[in-house]
């Protein structure tokens, strides 16, 4: 391994999900001035807006998009710009 490439301040840090107050510990070099007590031990804390415990993808509460409805809406919106088959045939006969 190469020498002197690893950070000096690698330590345990508490990450707190602010939406559901879930706290988990992991090693990090994140800089923070706040601390939190977890199981009687004080750790630096990084506050998160969303994490694996509150993200819709991981919790199974993801919204499904109605793509078929969107495509139908798009087609109906731009149908007025299509040439009609009879009009297209008339254009060919004129030429």
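In the working numbering, the protein residues as written are 21 to 115. Positions of the beta carbon are idealized from the N, C-alpha and C atoms, including for glycine. This structure is a prediction, so every number in the text was calculated from the model and none was measured.
Leaving out the 5 sequence neighbours to the left and right, which residues in its chain are closer than 8 Å to residue i when beta-carbon positions are compared?
| i | result |
| --- | --- |
| residue 58 | 34, 43, 45 |
Determine the burial state of residue i: buried for a count of at least 16 other Cβ atoms within 10 Å of its Cβ, exposed for fewer.
| i | result |
| --- | --- |
| residue 65 | buried |
Less than 8 Å separating the beta-carbons of residue i and residue j?
| i | j | result |
| --- | --- | --- |
| residue 30 | residue 49 | yes |
| residue 96 | residue 70 | no |
| residue 74 | residue 99 | no |
| residue 32 | residue 22 | no |
How is the beta strand (DSSP E) around residue i delimited, first residue to last?
| i | result |
| --- | --- |
| residue 63 | 61-68 |
| residue 101 | No beta strand (DSSP E) contains residue 101, which DSSP labels as neither H nor E. |
Quick one: residues in its chain with C-beta nearer than 6 Å to the C-beta of residue i, no 5 flanking neighbours on either side, listed in chain order?
| i | result |
| --- | --- |
| residue 27 | 49 |
| residue 24 | none |
Problem - beta strand (DSSP E) runs wholly inside the region 24-62, at least 3 long, in chain order - result: 31-37, 42-48, 55-58
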